[in-house]
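Everything below concerns the one structure shown next.
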Amino acid sequence: MSNLKNKDLDPYKDAYEEFKILKSNRDYYLKLTFERVISENPYLEKKELIEDVKNYYLESLERIPSYEKYPESKEWVDYVLKKDKLLMELANLTLEEIAIYRSLNSYLQFRGYRKFGLKKSKFYEKCRVAFIRETDFGPMHIKNIDDPIDYWNPYPKLPEKMPLSEVWWEKLPFIIDSVGSGLHIDDEPKEIFPLPIFKMVYKYAYDIGSCVDFLKKYSIFWGSCNIIIFDLKCNFCVIEKCSRNFIDIYPDNKSNFGYISGMVCRDKDSPQAKYQREKRIEYLKLFNFSNDALDVLFWELCEMLDKKLKEGIESLGNKPSSEEVINLFISPYPKGLRKFNLKQFNDWTLYTQCTFFEKKILKRWQLIKNRDSFEWTEKPEICIINLKRSRWKW
Numbered sequence: 033m034s035n036l037k038n039k040d041l042d043p044y045k046d047a048y049e050e051f052k053i054l055k056s057n058r059d060y061y062l063k064l065t066f067e068r069v070i071s072e073n074p075y076l077e078k079k080e081l082i083e084d085v086k087n088y089y090l091e092s093l094e095r096i097p098s099y100e101k102y103p104e105s106k107e108w109v110d111y112v113l114k115k116d117k118l119l120m121e122l123a124n125l126t127l128e129e130i131a132i133y134r135s136l137n138s139y140l141q142f143r144g145y146r147k148f149g150l151k152k153s154k155f156y157e158k159c160r161v162a163f164i165r166e167t168d169f170g171p172m173h174i175k176n177i178d179d180p181i182d183y184w185n186p187y188p189k190l191p192e193k194m195p196l197s198e199v200w201w202e203k204l205p206f207i208i209d210s211v212g213s214g215l216h217i218d219d220e221p222k223e224i225f226p227l228p229i230f231k232m233v234y235k236y237a238y239d240i241g242s243c244v245d246f247l248k249k250y251s252i253f254w255g256s257c258n259i260i261i262f263d264l265k266c267n268f269c270v271i272e273k274c275s276r277n278f279i280d281i282y283p284d285n286k287s288n289f290g291y292i293s294g295m296v297c298r299d300k301d302s303p304q305a306k307y308q309r310e311k312r313i314e315y316l317k318l319f320n321f322s323n324d325a326l327d328v329l330f331w332e333l334c335e336m337l338d339k340k341l342k343e344g345i346e347s348l349g350n351k352p353s354s355e356e357v358i359n360l361f362i363s364p365y366p367k368g369l370r371k372f373n374l375k376q377f378n379d380w381t382l383y384t385q386c387t388f389f390e391k392k393i394l395k396r397w398q399l400i401k402n403r404d405s406f407e408w409t410e411k412p413e414i415c416i417i418n419l420k421r422s423r424w425k426w
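The numbering used here numbers the first residue of the sequence shown as 33 and each following residue consecutively.
As C-alpha cells, then:
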C-alpha cells in the first residue's frame with residue numbers, strides 16, 4: 033500500500049502549504065511567464081490575453097472527467113475545486129491571478145500561441161537529472177535546476193544536520209523526479225481538468241510497476257515533462273512526455289544509471305518524437321522562420337546537452353566517482369552541464385543538488401547574489417541526515 037490514506041486527502045492543508053510557497057516568491061509564480069510573453073509580443077492586448085486565460089481556467093474546471101472511465105478521479109475533482117478556492121482566499125488571489133498561476137502555460141500551448149501569433153525571442157531549456165545505482169559513495173541522485181534568472185532568490189543555506197522527519201524521500205514507496213519538456217504549440221487533449229496526477233499516484237500505486245500503470249492510464253491528464261521513477265531496490269523507469277497526447281516508457285534495462293533531460297525525445301523514431309518535430313515545423317511556418325532561426329538553435333542545444341549528459345556518465349564507467357559525476361553537472365557549459373549566462377536563451381542553472389542515500393548526505397550548490405550580479409558557490413552546502421531507522425535499506 034502507498035503511504036497516502038483517505039484522511040490525508042486534505043485540501044485545506046495542501047492549500048496552506050501551496051500558499052507558503054507562493055508567499056515565498058509571489059512575483060516569480062504569478063508574473064514571470066506572463067510578463068515574458070508580453071515583453072516578447074508588445075503588440076499583444078494584455079486584457080484580452082488575461083480574459084482568455086481566465087476563461088480557459090474556468091472551462092477546465094467544468095470539464096469533469098468521466099467517472100466511469102476514470103473512477104479514481106471522483107474524489108479528486110472535489111479536492112481540486114476546494115483547494116483552489118481556499119488558495120484564493122489565503123493568498124488573496126483574484127480569479128485572473130489564479131488562472132494565470134494554474135493555466136497560463138497550458139492555454140498558451142493549446143490555444144494562445146496560435147490565436148495571437150505569439151513569438152518567442154528567448155528560449156528556456158529545462159534541467160537534467162541522473163540516478164546512479166552505484167558510485168564510490170553508493171546510490172546517487174543529482175539534479176540541475178535550470179530556469180530564467182528573473183526573480184531568482186537563493187535558498188537559505190542547508191542545515192548542517194537534518195532529522196528523519198524532514199527527509200523528502202523517507203516515507204515514499206518510490207521517488208518521482210521530473211524536468212520540464214514541453215512544446216511551443218501542442219494539440220489540445222480531450223481532457224483538460226487539472227487533476228493532480230503526481231499526488232494521486234501515491235494513493236493508488238505501491239511500486240514502480242503500479243506507478244507506471246497509473247500514469248499510463250491517466251496519460252492524457254499530464255505532460256510537458258520527462259520523469260524518472262526509482263525505488264529502494266535501485267530499480268528505475270523513465271517516461272518522456274513532451275505532449276499530453278503521447279507517452280514513451282523506458283523500463284529499467286539494468287544499466288547502472290537512468291537519466292532525463294528537458295525538451296528531448298531519446299528515440300527519434302517514436303511517434304512522440306515525430307510529433308515533436310511536426311510541431312516544431314508548424315511553429316517555424318507560423319512565423320515564416322528560416323532553418324537557421326534561433327528556435328532551431330534552441331532545439332539543437334537541447335539535443336547537445338542530452339547527449340553530453342548520457343555520454344558523460346557513460347564515460348565514467350560502471351562504478352563512477354561521485355566527484356566526477358558532480359563535476360559533469362556543475363562545470364560551466366560547454367565543458368559541463370551548468371548553464372551560465374547563455375544570454376540568447378536567458379537560461380541559467382540556478383542550483384545543483386545531489387543526494388547520497390546510503391551515506392545519508394545531501395549536497396547543494398547554487399547561484400548567490402553578490403551586489404548586482406550572481407556567482408556560483410564554489411563549495412557545496414552539506415547536510416548530514418540522521419536516518420538510523422530508515423525504511424530505505426540500500
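Built from N, CA and C at the ideal position, the CB exists for glycine as well.
Note that this is a predicted model, so its numbers are computed, not measured.
Rounded Cβ spacing between residue i and residue j (contact assumed at less than 8 Å)
i: Phe388; j: Gly214; result: Not confirmed; about 31 Å, so no contact.
i: Ile229; j: Trp201; result: Rounded, the Cβ-Cβ distance is 19 Å, inconsistent with contact.
i: Tyr250; j: Tyr102; result: 7 Å
i: Val161; j: Ile292; result: 5 Å
i: Thr167; j: Ser287; result: Rounded, the Cβ-Cβ distance is 14 Å, inconsistent with contact.
i: Asn373; j: Tyr156; result: Not a contact, Cβ separation roughly 14 Å.
i: Tyr238; j: Pro191; result: Contact flag wrong, Cβ pair sits at about 31 Å.
Check whether residue i and residue j have beta carbons under 8 Å apart
i: Ile400; j: Glu390; result: no
i: Asp122; j: Tyr48; result: The question names Asp, yet the displayed sequence has Leu at residue 122. Cβ distance < 8 Å, so Leu122 and Tyr48 count as in contact.
i: Glu259; j: Asp209; result: A small fix is needed here, since residue 259 is Ile in this sequence, not Glu. Taking 8 Å as the Cβ cut-off, Ile259 and Asp209 qualify as a contacting pair.
i: Val211; j: Lys152; result: no
i: Val357; j: Ile345; result: yes
i: Ile164; j: Phe289; result: yes
i: Pro221; j: Arg276; result: yes
i: Phe66; j: Leu136; result: yes
i: Ala131; j: Val85; result: yes
i: Phe189; j: Glu413; result: Here residue 189 turns out to be Lys, not Phe, going by the sequence shown. A contact, by the Cβ cut-off of 8 Å.
i: Cys274; j: Pro283; result: no
i: Tyr315; j: Ile217; result: yes
Distance between residue j and residue i (C-alpha atoms, nearest Å)
i: Tyr61; j: Lys351; result: 40 Å
i: Glu94; j: Tyr133; result: 18 Å
i: Phe321; j: Leu41; result: 48 Å
i: Cys386; j: Asn285; result: 23 Å
i: Gly219; j: Arg143; result: Here residue 219 is Asp; the residue named in the question, Gly, does not match the sequence. For Asp219 and Arg143, the distance between alpha carbons rounds to 8 Å.
i: Asp430; j: Leu341; result: Residue 430 cannot be examined here, being either before or after the span of the chain that is shown, 33 to 426.
i: Asn73; j: Ser92; result: 26 Å
i: Lys317; j: Glu272; result: 26 Å
i: Ile261; j: Asn359; result: 24 Å
i: Glu128; j: Val244; result: 35 Å
i: Ile181; j: Glu100; result: 45 Å
i: Leu23; j: Lys115; result: Absent from the model: residue 23. The displayed extent of the chain is 33 to 426, so no value can be given.
i: Leu36; j: Lys203; result: At Leu36, the pLDDT of 44 sits below 50, so the modelled position is not reliable; the number obtained from the coordinates is stated separately. About 10 Å.
i: Asn323; j: Tyr234; result: 44 Å
i: Asn38; j: Asp404; result: Confidence is the limiting factor: at Asn38 the pLDDT is only 43, short of 50, which leaves the residue's position unreliable, though a coordinate-based value still follows. Cα to Cα, the separation comes out at about 49 Å.
i: Glu198; j: Lys147; result: 46 Å
i: Lys78; j: Thr381; result: 30 Å
i: Cys257; j: Glu80; result: 28 Å
i: Trp331; j: Ser138; result: 20 Å
i: Ile313; j: Leu326; result: 13 Å
i: Lys55; j: Glu107; result: 28 Å
i: Tyr111; j: Phe319; result: 41 Å
Cβ neighbours of residue i in the same chain (closer than 8 Å, five flanking residues each side left out)
i: Tyr187; result: Tyr383, Arg396, Gln398
i: Lys248; result: Ile279, Ile281
i: Pro97; result: Ser105, Val109, Glu223, Phe225, Leu227, Phe253
i: Tyr236; result: Ser34, Glu104, Ser242, Phe246
i: Leu150; result: Val69, Glu72, Asn73, Leu76, Leu140, Gly144
i: Tyr307; result: Ser275, Asn277, Phe278
Sequence-distant residues of the same chain with beta carbon closer than 6 Å to residue i, five excluded per side
i: Phe361; result: Ile174, Asn176, Leu369, Thr384
i: Leu394; result: Thr387, Cys415
i: Gln304; result: Phe278, Asp280, Cys297
i: Ile82; result: Glu128
i: Pro195; result: Asn418
i: Lys193; result: Ile416
Beta-carbon contacts of residue i that lie in its chain and below 7 Å, excluding the five residues immediately before and after
i: Ser363; result: Arg370
i: Asn57; result: Tyr183, Asn185
i: Leu348; result: Glu356, Val357
i: Tyr44; result: Leu118
i: Cys266; result: Arg165, Pro171
i: Glu50; result: Leu119
i: Asp46; result: Lys115
i: Arg309; result: none
Counting Cβ pairs, one atom from each stretch, are 3 or more of them under 8 Å apart for the segment 286 to 298 and the segment 329 to 340?
With a cut-off of 8 Å, the segment 329 to 340 and the segment 286 to 298 count as touching, because enough Cβ pairs lie within range.
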